[in-house]
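Read through the structure below, which is laid out as structure tokens, and then see the notes.
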DNA sequence: TCATTAATCGCAC
DNA sequence: GTGCGATTAATGA
């Protein structure tokens, strides 16, 4: 479908972009920058970005590192997490192409409170803080879209508090599955992303073992099917029903 | 292929 | 519900 230009850039020329990643040809129509490209007056803004690639498993935002800008995912998938006590990581959210990473540190914060790791080979667009600030001040539509994004994120984060504190493990795992399904969709009956049981656990706020137990229970009930890392949802409606009685299901 | 890593299950707490 | 450890399956060098 989209055979993007994936040239390997030598480290020496990494700063100079030798493949076309300009916003003009970008296919992420949900990207806030792409969507507002027509409204953005300063043409320099969209071209004044850097592009970096990271391999699967590579961390590109370190917790505590100073914030100098904001990442957009041009291609790939990413998990955002916060490290808790005894090194346990809590996955805050997942993100796919077109989405923003590191936005919480934007504005006043000096340092990132989160870390981000690529779940597969990922290409990122990086906008400097100053350039973005400029663009936001000069483009109401862009600023408005950003505000909507922030509001949405806040809503999701608030409902997640309830999720973790009031739902049973089974419900939390189901909710996580639905979230992944909403975000990444499925391909040939399987969720279009490969996550370890550990990662499901870190998102649902439980342990790997619990996820495995819930998965096998769901498999027995024919609600999902799982082959290794490939998870398929067989009956999404039944899954939704299980958690809808708790009224915690929110589209996010 | 073999070695490493992840998934699963059983069991004690 | 949680955590540990052994077994088995999957992955990758």
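Residue numbers (this note's numbering): 7 to 258. The beta carbon of each residue, even a glycine, is placed where N, CA and C say it ideally should be. The structure displayed is predicted, hence computed values, not measured ones.
Buried versus exposed call for residue i [16 or more other C-beta atoms within 10 Å across all chains shown]
i	result
residue 40	buried
residue 16	The predicted model places residue 16 with a pLDDT of 40, which falls under 50 and marks its position as unreliable, so this point remains unresolved.
residue 136	exposed
residue 34	buried
residue 143	exposed
residue 164	exposed
residue 160	exposed
Contact under 7 Å by Cβ, residue i with residue j
i	j	result
residue 126	residue 90	no
residue 78	residue 106	yes
residue 130	residue 58	yes
residue 138	residue 76	yes
residue 197	residue 180	no
residue 152	residue 55	no
Contacting residues, own chain, Cβ-Cβ under 7 Å from residue i (five flanking each side not counted)
i	result
residue 141	46, 48, 51 and 148
residue 207	213, 214, 216 and 217
residue 189	100 and 102
residue 231	225, 238 and 240
residue 29	39, 40, 43 and 52
residue 229	240, 241, 244 and 245
residue 182	206, 209 and 210
residue 71	117 and 118
Neighbourhood of residue i by C-beta distance below 6 Å, restricted to the same chain and skipping five residues each side
i	result
residue 32	40
residue 85	97, 100, 123 and 125
residue 61	127
residue 176	220
residue 36	104
residue 204	214
residue 64	124
Terminal residues of the alpha helix (DSSP H) in which residue i lies
i	result
residue 160	146-172
residue 243	242-250
residue 216	214-226
residue 186	175-190
Close Cβ partners of residue i (< 8 Å) along its chain, the five nearest in sequence each way excluded
i	result
residue 73	108, 111, 112, 115, 116, 117, 118 and 135
residue 178	169, 170, 210, 211 and 212
residue 68	118 and 121
residue 235	200, 201 and 202
N-terminal and C-terminal residue of the beta strand (DSSP E) that residue i is part of
i	result
residue 132	128-134
residue 233	230-233
residue 81	75-81
residue 95	95-101
residue 194	From DSSP, residue 194 is part of no beta strand (DSSP E); its letter is neither H nor E.
residue 84	84-89
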